[in-house]
Every structure is written in structure tokens, then in C-alpha cells.
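Numbering (my numbering), first residue to last: 1 to 320.
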């Protein structure tokens, strides 16, 4: 049986059909070549994935092994990733077969181990599985598996692995190390949500939450929760074909609310040409089991409603 047939059999046609009604493959950004100018750097074919999409899929799949609520929805999550083109059928078959046979849990970094971006990269280097290494350690824990190994191939002169999308991979590790937060699957119609596992107060002495995201310039994803302006450097150089870029990473899974009910605010930082980082900062106390919400505009053509709106319409109708 082929990998695609195996994936289809494991997922069931119903799961794939349901995912297909709510999700779709994002179209690639194809820059137009200026007369006499350089060839476009980001011309892509629809069947290809960007490095940010590969890193996003790796982060989501490892989350499904870490958080118990996600493991129960693994089939729906895999169907969503397959429909969106973030993973292929071979990867789906491997994930579902391994999970069904061993019921493994994911490796999670300790809060005292991952305290900075560099320690997050060091943890990644020690916990990445490749084709030449087992994906499960002796404790029955599944190591982080990068799709096609393309995000983390090669090592530098210091012996450390070099990652193609280090900012996003670092963001996932920082989330996994923070026991105050977890991801939940809210169904194919909504996708993911970020929830607090304990009370997270506001204060200068309180450790900040680690919810970050990065911009992907290669695919314009209308179904991504967050889209943003390209960096100022790109806009000044007219080095972007669209007014917005897609945001991937843990921050991109924060659902929207009205400004009154948002408990985090999103900030962004330009990292240079073609690179932008997003972070969530607390603006109010987040109660235990409460969803992390931010006030931001929906992508063009979409409309979101605040989850706190009641039947009397006492909250604003749409998030903005």
C-alpha cells in the first residue's frame, strides 16, 4: 500500500473531507520581475513548502505529542496539515502509525534548561531526530521530527546543527518549556487556541509568557490567523508583492477578541530584510484555563466574532 493510501486509510475519507471544507493550501507569492531588474527571489510552485511552513508543521506535530488534549485530536490535526500542504502523506502515515503503536509522548524541555534563545537552540540540537536516528528514546518519548529534515540539515564548524528557520523553531521550544501555557484543538472550524494552565498575573517581576511568531514571505496564507505588514526595509525597497505577509509560529495560534476582552497585545520587531518577529505581551491577568486572546484585524475577506459576545450583543460584533 502506498504512503498516500496508508494515510488516507488511517485518516478516513470523512476526516479529509471535513478538513477540506475548512482549510486549503495557501498560494505561493510570486514576485514580478522589474524591467531590467534581478529575477524574483521568492518565486515558488504551489506544491512546494516554505521553510517556515515546515517548521510550523514540526511544531504542531510535536505539540500533539506533548499536550494530552491534542493527542486525542491527532487525526483531525494531521488531516488539516495534509490538506494545507504543510506535510505529505508519508509523514502523516509515519506519525499515525507510531502514535498508534507506541502511544509515545513528546520530549519537553525543562523550564530551568531553556532560559534564552541560545539555550533553546542548544536543546533543539540535542533533541532533533533524523532519518539516521531513532525517533523515540529509551524513555518512550518522541524526539522532535523535522519534516523531510530540510529545516535542520547540516552542521557548522562548532558541531552544532544549523537551522533554516531558527526564530520559529526557538519560539516553539520556548512555548514547550512554559508550563503555564498549552495548545488546545477547538475543532476544524476554528483550529487551535492557546490556554493558560494556571493563573498568570501582570507585573514587572512576573516571568513573561513566551508566545512568538515570524513572518513568511513565500506564501500568502488567507487562512493564517495573523497577517501583518512586511518589514520597513522591504517596503522601502519595494521588495514585496503584497501589503501583508503570513505569520507562523505559536503567536499565530492566538485567537482574536475585541479590545475590551483581549488579555495580550501583539508587538512586532523588524529583523532586517525579509524577516519579522512577533511577540505577545500580557496586558491583563490571565486566569487558569482561560484562553489567551488578542485584538487584531482579521485577514481580508474574513470576519471574526469576540468569543465573549453574548446574546444581548453587549460585546462588539467583530474583532478588530
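We treat Cβ as the ideally placed atom computed from N, Cα and C, and that holds for glycine.
In the displayed model, residue 210 falls within coil according to three-state DSSP, outside both helix and strand. With a threshold of 16 other beta carbon atoms within 10 Å, residue 17 falls short and is exposed. Classified as exposed, residue 267 has fewer than 16 neighbouring CB atoms from the shown chains inside 10 Å of its CB. Collapsing the DSSP output to three states places residue 28 in a strand. The residues 160, 161, in chain order, have a CB closer than 8 Å to that of residue 125 in the same chain once the five nearest residues on each side in sequence are set aside. The secondary-structure analysis by DSSP pairs residue 255 across a beta bridge with 293. Excluding five sequence positions before and after residue 195, the CB atoms of its chain that fall closer than 8 Å to its own CB belong to 181, 182, 183, 184, 289, 290, 291, 292, given in chain order.
Assigned with DSSP and collapsed to three states, residue 278 falls in strand. DSSP, reduced to helix, strand and coil, places residue 60 within a helical segment of the structure shown. Between residue 114 and residue 177, the C-beta spacing is below 8 Å.
Separation of residue 71 and residue 251 (C-alpha to C-alpha, rounded to the nearest whole angstrom) is 21 Å. In this structure, the straight-line span from the alpha carbon of residue 28 to that of residue 155 is close to 29 Å. About 16 Å separates the Cβ atoms of residue 234 and residue 50, ruling out a contact at the 8 Å cut-off. Across the set 83, 73, 172, the C-alpha of 172 shows the shortest separation from the C-alpha of residue 121. Boundaries of the alpha helix (DSSP H) harbouring residue 83: 74–84, taken from the DSSP string. Just measuring C-alpha positions, the residue of 53, 207, 231, 253 sitting nearest residue 244 is 231. With respect to residue 193, residue 199 sits apart: the two C-beta atoms are not nearer than 8 Å. Around the beta-carbon of residue 277, 16 or more other beta-carbon atoms lie within 10 Å, marking it buried.
Listed in chain order, the non-local C-beta contacts of residue 225 below 6 Å within the same chain comprise 252, local neighbours out to five positions each way being set aside. In this structure, DSSP gives residue 106 an extended state, which the three-state scheme calls strand. In this structure the region 254–269 lies against the region 291–307, because at least three pairs of beta carbons, one per stretch, are closer than 8 Å.
Per the DSSP secondary-structure output, residue 12 pairs with nothing in a beta bridge.
Taken through DSSP and simplified to helix, strand or coil, residue 197 comes out as coil.
Ranking 75, 54, 60, 26 by CA distance to the CA of residue 14 puts 75 first.
Straight-line measurement puts the Cα of residue 202 at about 7 Å from the Cα of residue 283. The shortest C-alpha to C-alpha distance from residue 87 to any of 213, 287, 24 is the one to 24.
Residue 248 is not a Cβ neighbour of residue 302, given a cutoff of 8 Å.
Residue 257 counts as buried, since no fewer than 16 other beta carbons sit within 10 angstroms of its beta carbon. Note that the C-beta distance between residue 11 and residue 92 is below 8 Å. The shortest CA-to-CA distance from residue 189 to any of 96, 219, 65, 255 is the one to 255. Beta-carbon to beta-carbon, residue 80 and residue 19 are separated by about 5 Å, close enough to satisfy the 8 Å threshold.
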